[in-house]
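Trainee: For the sequence shown, full-length UniProt numbering gives the first residue as 1, with consecutive numbering after it. For glycine and all other residues, C-beta sits at the position ideal for the given N, C-alpha and C. The model shown is predicted, which means the values in this text are computed figures rather than measured ones. The structure is given below, and queries will be raised subsequently.
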Amino acid sequence: MLRQAMLAVSKSERAERVITTSPLTRDVVKRYVADDVVDVIDGLTREGLLVTVDHLGEEVTDRAQAERAVREYLALLDRLPPGGDASVKLTALGLRLSEQTALDNAATICEAAAVRGLTVTLDAEEHDTIGGLHFVHATLRKEHPDVGIVVQAYLPDAIERCEKLVGARVRLCKGAYTAPGAYTRPADIDRSFVRCLRILMAGTGYPMIATHDPRLIQIASTLAVLDGRDVNGFEYQMLYGVRPGEQHRLAGLGGQVRVYVPYGADWYAYLMRRLAERPRNLAFFLRSLLSR
Ligand code: FAD
Numbered sequence: 001m002l003r004q005a006m007l008a009v010s011k012s013e014r015a016e017r018v019i020t021t022s023p024l025t026r027d028v029v030k031r032y033v034a035d036d037v038v039d040v041i042d043g044l045t046r047e048g049l050l051v052t053v054d055h056l057g058e059e060v061t062d063r064a065q066a067e068r069a070v071r072e073y074l075a076l077l078d079r080l081p082p083g084g085d086a087s088v089k090l091t092a093l094g095l096r097l098s099e100q101t102a103l104d105n106a107a108t109i110c111e112a113a114a115v116r117g118l119t120v121t122l123d124a125e126e127h128d129t130i131g132g133l134h135f136v137h138a139t140l141r142k143e144h145p146d147v148g149i150v151v152q153a154y155l156p157d158a159i160e161r162c163e164k165l166v167g168a169r170v171r172l173c174k175g176a177y178t179a180p181g182a183y184t185r186p187a188d189i190d191r192s193f194v195r196c197l198r199i200l201m202a203g204t205g206y207p208m209i210a211t212h213d214p215r216l217i218q219i220a221s222t223l224a225v226l227d228g229r230d231v232n233g234f235e236y237q238m239l240y241g242v243r244p245g246e247q248h249r250l251a252g253l254g255g256q257v258r259v260y261v262p263y264g265a266d267w268y269a270y271l272m273r274r275l276a277e278r279p280r281n282l283a284f285f286l287r288s289l290l291s292r
């Protein structure tokens, strides 16, 4: 219930106005969103962690704004270290205008990334964008075989999606939005996650295991051994600001760990999704507002 309410708030322009203009939210934002992205990238890289960087923004319905997002990504690519990845939301690139607009813009970013030896991953968003996401990904893959895609385990067709994504770079996550028919019970989402994980780890692609859930991380590590996966043949991914100790522990064991680093002024919807994931976060957020 609380999660649904928070996700509804994430789409409210009125709430966005109130929250983003309050100086009191700054500390909470700083926990999840990089203030100085270059500094954060450098710090994580020095600590032996990989990065995927997201220029925040989504649900763009204006062509010029989508073009601005492309320019921002092109500038960002110049700042990424070797092995760096850009996480891209197709609705920031104009998916709501047309699939072709998002495809053209994503292709520009993929070409620039390829020149620099970097990769791009397409984030998964609201359920009504998933068809467009797979169309854009399949089209881009013809030129850029290493372009990654996200599968959300809470969608009942996640297993089928994983089976079809033969040889691809696939980030598996639980899913941060709401969708009609999606699994909502944690046990169902976890079951779907594990079934997807089995397919991806036994397959020919490159699995990117995006979770902070200790049990799922343990299952992924076990499957990696059982499937004879090299440590360089898959990676763990976690969000900036969430379980940094675990990020370092896994990297210390020799695993590849990539941190998802969001930055930029358009942080509202991203922050609300993070708060929705954990009621304790919401309490922390409210406390920090009230304690001023
Ligand atoms: P949970 O059961 O939610 O969390 C497990 C434990 O992790 C919690 O008990 C807590 O200790 C810790 N934790 C989890 N979330 C938080 C938090 N916000 N603050 C503090 N502690 C927390 N979703 C999409 O729909 N599309 C995407 O493209 C997408 N990309 C992602 C990329 C990465 C690298 C990651 C890590 C997640 C991404 N997600 C995406 C979000 C994902 O779907 C989940 O909503 C989110 O990761 C929380 O699920 P969990 O697997 O960590 O498990």
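I'd like to know whether the C-beta atoms of residue 54 and residue 261 end up nearer to each other than 8 Å.
Mentor: Going by C-beta atoms, residue 54 is nearer than 8 Å to residue 261.
Trainee: Looking only at its own chain, which residues have a Cβ that is under 6 Å from the Cβ of residue 56, when we skip the five neighbours before and after it?
Mentor: For residue 56, where only same-chain residues beyond five positions count, the Cβ hits under 6 Å are 262, 264, 266, 267, 270.
Trainee: When every heavy atom of ligand 1 is checked, does at least one fall within less than 7 Å of the C-beta of residue 206?
Mentor: Residue 206: no, Cβ never under 7 Å from ligand 1.
Trainee: Measure the alpha-carbon distance for residue 292 versus residue 231 and round it to whole angstroms.
Mentor: A caution first: residue 292 carries a pLDDT of 48, below 50, which makes its placement in the model too unreliable to give a value.
Trainee: Would you list the residues sitting across from residue 43 in a DSSP beta bridge?
Mentor: Answer is none; residue 43 lacks a bridge partner.
Trainee: Starting from the C-beta of residue 3, find all residues in its chain whose C-beta is less than 6 Å away, skip the five residues before and the five after it, and write them out in chain order.
Mentor: Correct list, in chain order: 276.
Trainee: With hydrogens ignored, establish whether the beta-carbon of residue 274 is closer than 7 Å to any heavy atom of ligand 1.
Mentor: Checking the Cβ of residue 274 against ligand 1 gives yes.
Trainee: Is residue 256 helix, strand or coil by DSSP?
Mentor: If DSSP states are grouped into helix, strand and coil, residue 256 belongs with coil.
Trainee: Please state if the CB of residue 136 and the CB of residue 90 are separated by a distance shorter than 8 Å.
Mentor: Yes, the Cβ-Cβ distance between residue 90 and residue 136 is below 8 Å.
Trainee: Specify, as a first and last residue, the run of the beta strand (DSSP E) that residue 178 falls within.
Mentor: No beta strand (DSSP E) contains residue 178, which DSSP labels as neither H nor E.
Trainee: Please name the residue in 15, 175, 32, 20 whose C-alpha comes closest to that of residue 243.
Mentor: Of the listed residues, the one whose Cα sits closest to residue 243 is 32.
Trainee: Suppose you measure from the CA of residue 84 to the CA of residue 195; what does that come to, to the nearest Å?
Mentor: Residue 84 and residue 195: Cα-Cα distance of roughly 28 Å.
Trainee: Return the Cβ separation of residue 201 and residue 171 in integer angstroms, given the expectation that the two are a contact with Cβ distance under 8 Å.
Mentor: In fact, because the Cβ distance is near 13 Å, the residues do not count as touching under 8 Å.
Trainee: Can you give me the C-alpha to C-alpha distance between residue 50 and residue 9, rounded to a whole angstrom?
Mentor: Their backbone Cα atoms lie some 32 Å apart in a straight line.
Trainee: Between the alpha carbons of residue 127 and residue 23, how many angstroms are there, rounded?
Mentor: Whole-angstrom Cα-Cα distance: 33 Å.
Trainee: Give the single residue among 168, 156, 157, 154 whose Cα lies nearest to the Cα of residue 122.
Mentor: Minimum Cα distance to residue 122 is reached at 168.
Trainee: Would you grab the beta carbon distance between residue 81 and residue 45 for me? Rounded to a whole angstrom, and I think it's under 8 Å.
Mentor: 5 Å between Cβ atoms; contact.
Trainee: Which ranges does the beta strand (DSSP E) cover as unbroken runs of at least 3 residues, wholly within the stretch 192-275, from first to last along the chain?
Mentor: Within the stretch 192-275, the complete beta strand (DSSP E) runs of at least 3 residues are 206-210, 235-239, 257-263.
Trainee: Which same chain residues end up closer than 7 Å to residue 58 when comparing Cβ atoms and leaving out the 5 residues on each side of it in sequence?
Mentor: The residues are 89, 91, 92, 125, 269.
Trainee: According to DSSP, residue 149 sits in a beta bridge with which residue or residues?
Mentor: Answer is 122, 170, bridged to residue 149.
Trainee: Which residue's Cα is closest to the Cα of residue 64: 101, 174, 75?
Mentor: Ranking the options by Cα distance to residue 64, first place goes to 101.
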